[in-house]
Every structure is written in structure tokens, then in C-alpha cells.
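Undergrad: Sending over a structure as C-alpha cells; questions will come in a sec.
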Amino acid sequence: MSATLQMRFTNENGGRVTVSVPDPRTDLTGTEVKTAMDNIVAKNVFTSKGGNLVAVDSARIVSRDVTEVTLV
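Plus 5 on top of the position in the sequence shown (first one is 1) and you've got my numbering.
As C-alpha cells, then:
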């Protein structure tokens with residue numbers, strides 16, 4: 006199973022921007038994610054078509070499980 010941390014931000018135009026990080030630590034806490042997101046906004050690490058990221062919106066870990074099907 007693979008997992009991706011999706012961090013969502015709001016940009017200057019009010020749009021939503023998602024930054025994805027593959028294979029996050031399994032023991033990652035909400036506090037750690039929030040701190041990282043606050044730093045991303047404060048230091049203008051990323052920009053988007055709608056301008057700089059100005060606010061933290063939400064975060065989630067998305068898991069994906071792939072099962073191969075045997076064809077007979």
C-alpha cells in the first residue's frame with residue numbers, strides 16, 4: 006500500500022493549492038504537519054498561478070492499495 010500526505014493551502018486569489026508528499030512517516034502527527042505547513046506559508050516556499058500561499062486549509066493522508074488481477 007502506498008500513501009501520500011496532501012497538504013492543502015489557500016492562495017492570494019482564494020483558490021486551493023495542494024502540495025503532495027509521497028510516503029510520509031507512519032508516526033506523523035497533526036502538530037508536525039501543521040508546523041510544517043505554517044512554515045511553508047511564512048517563508049513563501051511555494052507559489053501558484055493564483056499567487057503566494059497565504060493560509061493553511063487542511064491536510065490528509067491518502068492511502069492506495071493495488072491488487073493485481075490474474076487473467077486466465
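A virtual CB, placed ideally from N, CA and C, is assigned to each residue, including glycine.
Is the closest heavy atom of the ligand NAP to the C-beta of L58 under 7 Å?
TA: You won't find the ligand NAP in this model; it holds no ligand whatsoever.
Undergrad: With distances taken from CA atoms, which of R13, A8, M6 is nearest T52?
TA: When only C-alpha atoms are compared, the closest one is R13.
Undergrad: Report the rounded CA-to-CA distance for V67 versus V77, giving the unit in angstroms.
TA: 32 Å
Undergrad: Using a Cβ-Cβ cutoff of less than 6 Å, which residues in the same chain neighbour G19 once the five nearest sequence positions on both sides are dropped?
TA: none
Undergrad: Can you give me the Cβ contacts of E17 inside the same chain, cut-off strictly under 7 Å, excluding the 5 residues immediately before and after it?
TA: Closer than 7 Å at Cβ, skipping near neighbours: G55, G56, N57, V59.
Undergrad: Give me the DSSP bridge partner(s) of F14.
TA: V22, V61
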